[in-house]
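Residue numbers (the working numbering), protein chains in the order written: chain A, 1 to 112; chain B, 113 to 223.
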């Protein structure tokens with residue numbers, strides 16, 4: 001049983017397209033995150049949700065819109081994709097405020 | 113803003129040699145976490161340190177949290193090829209509560 005699952009694993013798309021990445025966790029965790037990992041492996045937080053409420057929204061372009069239909073799901077929709085959006089996007093979750101994160105296996109997004 | 117610096121960026125060692133990565137924060141941390149990411153994989157939580165001067169061990173891995181709670185280190189004794197990967201520290205700011213990841217140290221182990 002996968003704890004934090006993301007789909008798709010790979011996504012290749014053209015500039016200007018709109019795409020979504022889905023994330024689900026079956027751990028019962030309260031908080032979920034989206035992280036972006038660039039080609040230099042730097043992990044940067046994008047969004048954080050706690051019980052469906054947005055609590056962190058870092059300096060991310062408006063083209064990125066997270067949606068949390070319930071506590072177990074956090075999806076990421078990206079409009080008008082740009083070349084610079086190419087990266088690995090990780091979903092993560094944690095049970096409380098002082099615990100380690102459980103990461104999904106990542107979605108490798110390539111914009112051509 | 114808060115910064116978490118990690119050095120070195122890369123380290124190549126011969127199997128059996130020791131390895132250490134260092135993490136330094138510009139601000140005091142309430143806790144620090146360590147993660148390992150294998151090539152092509154995702155970050156996996158290793159440990160969390162909370163107390164000033166805390167030292168924790170996991171088999172050949174030793175984690176330390178500085179007295180001032182602004183720095184940390186991960187030491188691996190007698191590296192093995194299975195230790196290959198990128199090790200990230202992530203510090204939680206005492207002021208903002210935000211968790212900031214270091215840039216990671218990528219370890220290569222030659223058999």
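Glycine included, each C-beta is placed from N, C-alpha and C at the ideal position.
At a Cβ-Cβ threshold of 8 angstroms, residue 128/B and residue 190/B count as neighbours.
For the set 82/A, 41/A, 57/A, the Cα lying nearest the Cα of residue 217/B is the one of 41/A. When Cβ-Cβ separations below 8 angstroms define contact, residue 118/B makes no contact with chain A. Residue-level contact check: residue 223/B does not touch chain A, since none of the beta carbons of chain A fall below 8 angstroms from its beta carbon.
Of all residues in the region 99 to 111 of chain A, only 99, 100, 101, 102, 103, 104, 105, 106 come within less than 8 angstroms of chain B when Cβ atoms are compared, listed by chain position. Residue 148/B and residue 197/B do touch by the CB rule: their CB atoms are close to 5 angstroms apart, below 8 angstroms. For residue 24/A, the enclosing beta strand (DSSP E) covers residues 19 to 25.
Taken in chain order, the whole beta strand (DSSP E) runs of length 3 or more contained in the region 129 to 186 of chain B are 131 to 137, 141 to 149, 155 to 161, 167 to 170, 173 to 177. Annotation: residue 193/B is outside any beta strand (DSSP E) and is labelled neither H nor E by DSSP. Residue pairing from DSSP places residue 43/A in a beta bridge opposite 37/A. At a beta-carbon threshold of 9 angstroms, the residues of chain A lying near residue 216/B are 40, 41, 42, 43, ordered along the chain.
Residue-level contact check: residue 90/A touches chain B, since one or more beta carbons of chain B fall below 8 angstroms from its beta carbon. DSSP places residue 106/A outside both helix and strand once states are collapsed to three, so it counts as coil.
According to DSSP, residue 75/A shares a beta bridge with 67/A.
Rounded to the nearest whole angstrom, the CA to CA distance from residue 110/A to residue 165/B is 43 angstroms. Judged by DSSP secondary structure, residue 124/B falls within the beta strand (DSSP E) whose first and last residues are 122 to 126.
Straight-line spacing of the CA atoms in residue 215/B and residue 199/B works out to 9 angstroms. When the Cα atoms are used, residue 172/B and residue 35/A turn out to be separated by approximately 29 angstroms.
In this structure, the CA atom of residue 157/B is about 16 angstroms from the CA atom of residue 45/A.
In this structure, the alpha-carbon of residue 152/B lies about 22 angstroms from that of residue 126/B.
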